[in-house]
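Protein chains in written order, with numbering that gives the first Met the number 0: chain A, 0 to 292; chain B, 0 to 522; chain C, 0 to 547; chain D, 0 to 332. Glycine residues also receive a C-beta, built at the ideal position from the N, C-alpha and C atoms. Since the structure is predicted, the reported quantities are computational estimates derived from the model, not experimental observations. What follows is one structure encoded as structure tokens, with my remarks underneath.
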Amino acid sequence: MKKNEFNIVDFVKIYSEDKLALFFLINLIFILILVIFGPLFTLQNPYDLSQLNILDSLLPPLSQSYENNYFFLGTDDQGRDLLSAIIYGLRISLYVGILSVVISLIIGIILGVVSAYFGGIVDSFIMRVADMVLAMPSFLIALVLLSILGRGLENVVFALVMSQWATFARVIRSSALSEKEKDYFYSAKCLCLPQYRIVFGHLLPNCLPPIIVLSTINLAFAITLEASLSFLGVGLPITEPSIGLIISNGYEYIIVGKYWMSLYPGLFLLITVISINIFSDRLRILLNPRLNI
Amino acid sequence: MIKKFLKTFFVFASIIFLSKSVLSDNLTVATPHDPSVDPHWLYLGPNAAYSRYIFERLIDRDENANIVARLAESWENVDDLTWKFNLRKGVKFHDGSDFTADDVIFSIDRIPNIPNNPASYESNVNMIDSVEATDSHTLVVKTKNPYPLLLRRLSGVAIVSKSNVDGSTTEDFASGKVAIGTGPYKFKSYTPGDNYQITINDNYWGTKPDFHDVTFKIMPDGASRVAALLAGDVDILEGLSPSSVPAVESKEGFKVAKRASARTLWLYVDTQNDNSPFVTDNDGNAMSVNPLKDKRVRKALSLAIDRNAIVSKVMDGLAEEANQVVPKGFFSYSENIPENEFNVNKAKELMAEAGYADGFGLTVHAPNDRYVNDDKIAQAIAQMLSKIGLKMQVETMPKAVYFGRLNKQEFSLSMIGWDNAFTGSSLMSLSAAFHTKEEGYGSWNAGGYSNSEFDDAVERASAAFDMEVYENYLKRAMEILIAEDQGAIPLHSQFVTVGTTDKVDYTPRADEAFEVMLVKKAN
Amino acid sequence: MILEIKNLKTHFFTRENIVKAVDDINFNISSGEIHGIAGESGSGKSVMGLSIINLLQEPGKIVEGKIYFNGKDITKLNEKKMKSIRGKKISMIFQDATMSLNPILSIETQMIEAVLAHNKISYKEAKNLAVQSLIEVGIKDAEIKIKNYPHEFSGGMRQRVAIAIALINKPDLIIADEPTTALDVTTQAQILYLTQKLCKENNTALIWITHDLSVLSGLVDKISIMYNGKIVETGGVDNILDNPQHSYTKKLINSIPKGNINEERKIDDNVINIQNLTKIYEKRNTFASNLFTFFQANKHDLKPDKAIKNLSLNIKRGEILGVVGESGCGKSTLGKIISGILEKNSGNIFYNQKEISYAKKTSLDIQMVFQDPYSSLNPRKKIIDIISEAPIVHKIINKQQSKEYVSKFMNDCGISPDLMFRYPHQFSGGQRQRIAIARSLAVNPSVLICDEIVSALDVSIQAQILNLILKLNKTKNLTIVFISHDLSVVNYISNRVAVMYFGEIVELGNSKKVFSQPSHSYTKALLANLPNIKERNINYKSTLYTEG
Amino acid sequence: MLFINYKNLSMLIFLTNRIIQSFIVLLIMSLLVFAAVYAIGNPIDVLINPEASEEEKIKTIKNLGLDKSLFEQYYIFLQNAFKGELGYSFVHNRPAISLILERLPATLELTISALLIAIIIGIPLGTIAGLNPDNFISKSILAMSIFFFSLPTFWVGLILIMIFAVSYNFFPSTGRGDTVEIFGFYFSFLTFDGLKHLALPSINLALYPLALVIRLTFAGIQETLPLDFIKFARAKGLSRFRIIYYHLLKYILIPIVTVIGLQFSVLIAFAVITESIFAWPGMGRLIIESITLLDRPVIVAYLLVTVFIFMLVNLIVDILYSLLDPRIRISDK
């Protein structure tokens, strides 16, 4: 792919040359379809307590429920149909992941570009704060924040955003700084274009490739992070389990041979994260941004 | 060549890795708790249990919550305020010094005077007005008010050696320097967060325990403990979750010791506030009335809960349904309270009668790291209550956060489990959790329950020296609370479960505390 | 004959097609001969050099032909045998020594490993050899300097080191691939002189690959001209330069700017006055570094670099003012300050008697065109948007008029308006530079600052752009400040010329006069070192303005 | 006469600068952490005996200094911090800092062995993949690295225990094993039993950095191979070995060192999970326990100690960087 060229047809064509990457892209699309439309076909809404029955709990895969429905992947400790729970759980995990990445992205773009564009004290201040955040591993920031804020979707998203915005701001700033040295930027200044046009029309679109790649990497990271936090019991509310919380709930049952509660959601999570990672890896190769992360 | 090398390597490796320690006089315990070696520091259940190995009390409770004599040989109630204790003679501390009445006085004095102790054992001694030694082995204790429960209170007072401990700090205990008692075991080593080791006291006056050396491996994670047991790294496992019981039992060479504990779980219901914090209408808006103040609603809640399902499915059968706040057959258990009924239709009728045929919104709160399966029980209850039309939500949190909020009455429907073994009766739970809040009472009344008739019965019970009078007042109070007012919703009494290899036998204690002296070599 | 190439074909197998970079070449060089290979970018000259030493990278491959080195075909050799030839029998020098020396290894390591790879001698002996070699290429204090790292040397010295490494094993053949392109003209002269001298002394054959014919004039014995992967003409220097046969060779030679075509205009109307301009690039100072600077004995080390020192200059209406100087002399900084996109530290700049300030750049009257046509156009916008954005924003036109308006300027700059809906990457370098000029013209400036606008272009395209600039100057009465390091280009195009050296203007005057009778010694040195296809002798005596 | 070498001087400037910066960061962090931790529930509610009277509670609150305002408490904390005391643990009644230092060796042992595994395995694998990116082995290595990258730590941990400890008994399931005392700290890597215990948790923790090192090495080699200095080195006729080990690996080591330095901090954080699964008595487990028990002084001290470690590691990385890369004059950065 030639530098700076973007054409969706060519892109798909070139992307497809790596069969493994193609396989996982299809996988990812399948997962997205499953997550978006899946709830239309699931046996139950696992988040609606009145649809659950504790008497159905801990059934192995392919068991029958009272209403003669099959639990293809078995049930969990609350009698949730595991397949339904996985679909809903992935949905909420992806939702949390995407939301947190989008919010961190917005914050990162604003701060990164402002920092690069204005330089000086503004830049120093923003970057010192970002450095401070980056000095702490994101997992620790999220853990501490959540143990203070308590469980809840908003809190998880907030914690993930707080631990991720700095990476975005840093990458966007450095890529904006290098774009700023390019002559088209000087030329835009020379033509007295208004600042917002220079920033949003010229600077930002050219910083996109690293941003796209970083976003996908961070999405996968955010999903794993949320799962880890849920595992430690500080993530999402228990009645609306994300995929991480489902695994965590089933964790204690692995050892007693009730493997399905952790194994299947674990595999689903793994496939999702791998798919996103392989996708982003392929993107990185094709878009060729040099990410120092 | 490489193949040959690999082969030798694997043979070699398997010889090394497969060699196992054989159970001898040494016992290895997997426990979730990190001990406090100082027996007067931080009054938490596990700490009190740990202190039993190195230190002894004047009087202790046995595995069935009965009073037994330890360092006090005998005692008598001189009058309502005065107690006389005859101490055991010839008992020696681990360092060889003699045990005398001075050590007891020192220990009682030390408890309230440890600086910065956030959870002091003070509540076990603060009713004591004075302690005097009439001779080296006779002690006279005077209480401020008539206090029938004094003997049980003294079971929470570990006796340390005055000559060693005087002037020492908690840190000196952790290092083993002054960890000197009269107990069956001596301090060996303590690596915080990792392990705690004790070794046998050869000069112990009483029955010597079966094991010479005991190592506690500290493993907070339940599944890891089970893995360690099944992998043969430990001999006995404290705090086995019910779901793991079949796995341990079914595996050859392992077994599970279990018994009903004295802990009963119930739900507090907010009967005090006119606007209960977590009660909403069906759209999630706050309500101007508190439906939980209506007895019919509380009855409906109780009727909607299928305790049998909780016991069989959530607790894997390792619990017993409860119809009051003490376990069935426990001292002060009232037979006049009817068995729980599970009847969804009747519950719906009661709801309709009270004017809530369409239900309302309610959140159940529970800790997630305190009782056996606490968070799962809360979810199951929410499921069941949603079947009578309530819009249920569940919120669980670490005990660290939970109990603070519970005490501030921040919840509408909340879970608690009370250990009745300490008093051996329902007195503590009734007086602390349901008596109207006032001096000395109701410090845990998180539902705001208040009934003067009930209060009166509790107060009379707590001042009674006669056991029959005592029990009758307690039964009466329980009947008012449950049968008449449904001021709380009892759930179940949990079991204590301990996993072991088949080389050892264990008798669990009713108060859920772990005790090494109860571990015996299997025949 | 030390090297004979017979029907060599090197092809690159890319995703879309096969690029025949070297397409059936025959080429000979005898021992001790210095042979120049000239051609424009993409002519395959570098690929040919790499083919000889077999350092082609994927997806390049020799598909046909033979390379006889000392009578033996080396295309058939395996990697191990080839390794014993590389650096021992055939050495190579690359364009930029900054890149070809490993930045994290000392000069010593990099030289000695080259010796020890081929000779079984002790480390000490190898080191002596290396020091000797450095002395030969004119590095003073070689024994001390050898411990340095590449970044501690200047560009010219690094290239000297690269030459020393290439020569250290006394090879039979050196392939030099544009080794002076990245260097200033005075340094280039020294390197040319040095290389020629050393090769003659050692009787080493040298293949000198370059895009700049004039460089070859005083250096080589024979010249080959490459075009589209083929050698179109080979011959002695005089034959090729004075009497070219092939039409492409002719075109190349004619494209080299010669002489001066512009008279100084007799106008005294100054469009821009610059008074006492100073620009300092400050190092980032921190509290702690200031603290230490205060106590420091030798403050010289932390002295900030001055880019422009107290510079005064008038630019006359309608003239082409050439600004010439070597890299780092501050000429680009001057251009950026005049056009208002870089802040000055002190001094005043007046445009039509009105002071220009950086903070409030509102005037479109002074525009600038930049060096690199690849980065000066926003790759994500269509040509029409690139050109029409500023006129629309500044309400010179409205959106509906843009197509017509853009067509006009594209026509003026020699680009077909049919192409206005394309993206920059679909254009060649020369076309892009035209688009960049059109973009600047579209806001109707009266002064155009051209910052090295032809230095990235091939010589034939360079001529076209220069002619475009001349045309614009004449037809639109545009004042042009033409900044370049290339003296012949500046001489060719400008009415007046300003020679800059270390942030100062050392000479200013009528171009013809300055170039024929320079008065400042630096100008004299520059001109003396200027390669010229008319002169066949290297005569680079002046070493006044060099590094060392 | 005092002679100051330029290079030493800039190093000194750099160090002073960094130390001042680090100090400010620590100060800000301590305030943030203190304020944040203050927001978690009231420790008295958790720790105090349910039967304690109001009077008793008030007395304890006063003793622990919890009745003072946030700023007063912070001021007192700062005063003590300058004396090297970061408060007394509510739970253990011992200086929080000594509790943490006691557990630090275990955590460091775990993280360092995980990093070593990552480096010792990762760099050769990454190099193999980077040199011949198109062959099957290289593709497998890269695919494997993405796989490792995506595995959730806690899930892998349990699977490892299941397979290697429960099913096959190759390694002990949990705990730390025998230790040897060195300078008053206990280390387990010197005993065979200790190594056996160390194996599974460090492998568990190593997967992520291993993947990272492989990918970094791969990317570094891919980016460096086409550079002119490699071409020039080949043109000199150097052996393949020398080009790879001297020119290539030494060059790409620079970014790898930086990332490994950053990874070290990440590993200390993720050790929280590994330590709780493998019952590893490090400070990660301490923080989880302290969070549930609201042992505020320990939480604050833990966070400050970790921030301090991170800054120390970053500083070391920067110094290493300047040693590895002669181009960098530290003060110019």
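Of all Cβ atoms in chain D, is any one closer than 8 Å to the Cβ of residue i?
i	result
Y148(C)	yes
L543(C)	Its pLDDT being 39, under 50, L543(C) is placed unreliably in this model, and the coordinates cannot settle the point.
Can the beta-carbon of residue i be found closer than 8 Å to that of residue j?
i	j	result
G154(C)	L182(C)	yes
E503(C)	I482(C)	no
G358(B)	N281(B)	yes
M554(C)	D176(C)	Here chain C has residues from 0 to 547 only, and residue 554(C) is not among them.
K5(C)	K87(C)	no
A141(A)	A168(A)	no
Output yes if chain G places a C-beta closer than 8 Å to the C-beta of residue i; else output no.
i	result
K235(D)	Reference to chain G is not applicable here, since the protein chains of this structure are A, B, C and D.
Terminal residues of the continuous alpha helix (DSSP H) containing residue i?
i	result
L166(C)	154–166
S548(C)	It is not possible to answer for residue 548(C), since the shown part of chain C is limited to 0 through 547.
A20(C)	Not the alpha helix (DSSP H): A20(C) falls in the beta strand (DSSP E), residues 17–28.
Which same chain residues, not among the five before or five after residue i, have their C-beta less than 7 Å away from its C-beta?
i	result
V21(B)	Confidence at V21(B) is low in this model, with a pLDDT of 46, below 50, so the placement of that residue should be treated as unreliable; the coordinate-derived value is given next. Taken in chain order, the list of residues that qualify is empty.
I276(D)	F153, G156, L157
Contact criterion: CB-CB distance below 8 Å. Does residue i meet it with respect to chain B?
i	result
N16(D)	no
Q77(A)	yes
Y46(A)	no
R175(D)	yes
Go through its chain and collect everything with a Cβ distance to residue i's Cβ below 8 Å, but skip five positions before and after it.
i	result
S243(B)	G221, A222, V225, G498
I270(A)	N26, I30
T277(C)	K305, I307, K308, N309, L310, K343, N344, S345, G346
S428(B)	T263, V324, V325, W417, N419
V62(C)	K8, T9, H10
Residues in its own chain within less than 6 Å of residue i by CB, not counting five upstream and five downstream?
i	result
G96(A)	L218, A221, I222
N272(C)	N313, F349
Which stretch, first to last residue, makes up the beta strand (DSSP E) that contains residue i?
i	result
M367(C)	365–368
W543(B)	This structure does not reach residue 543(B), given that chain B is present from 0 up to 522, and the question cannot be answered.
Y472(B)	Unbroken run through Y472(B) is the alpha helix (DSSP H), 466–477; no beta strand (DSSP E).
E237(B)	235–237
V503(B)	503–505
Is there at least one Cβ from chain C nearer than 8 Å to residue i's Cβ?
i	result
D317(D)	no
Please decide whether residue i counts as near chain A, where near means a Cβ-Cβ distance under 8 Å.
i	result
T110(D)	no
A389(C)	yes
### Task
Evaluate contact between the region 172–186 of chain A and the region 372–379 of chain C, counting only Cβ atoms and requiring at least three cross-stretch pairs below 8 Å.
Two segments are said to touch when three or more pairs of C-beta atoms, one from each, lie closer than 8 Å; by this definition the region 172–186 of chain A touches the region 372–379 of chain C.
### Message
Tell me whether the region 256–274 of chain A and the region 127–141 of chain A touch, counting them as touching only if at least three CB pairs, one residue from each stretch, are closer than 8 Å.
### Response
At 8 Å Cβ cutoff, the stretches do not touch.
### Task
Take every Cβ of the region 95–111 of chain A, pair it with every Cβ of the region 201–214 of chain A, and state whether three or more of those distances are shorter than 8 Å.
In short, these stretches touch, since the Cβ pair count reaches three.
### Message
Assess contact between the region 488–496 of chain C and the region 248–263 of chain C, defined as three or more Cβ pairs (one per stretch) separated by less than 8 Å. Is contact present?
### Response
With a cut-off of 8 Å, the region 248–263 of chain C and the region 488–496 of chain C count as touching, because enough Cβ pairs lie within range.
### Message
With a threshold of 8 Å, are at least 3 pairs of Cβ atoms found where one atom belongs to the region 202–221 of chain C and the other to the region 31–46 of chain C?
### Response
Contact between the region 202–221 of chain C and the region 31–46 of chain C is present, because at least three Cβ pairs lie under 8 Å.
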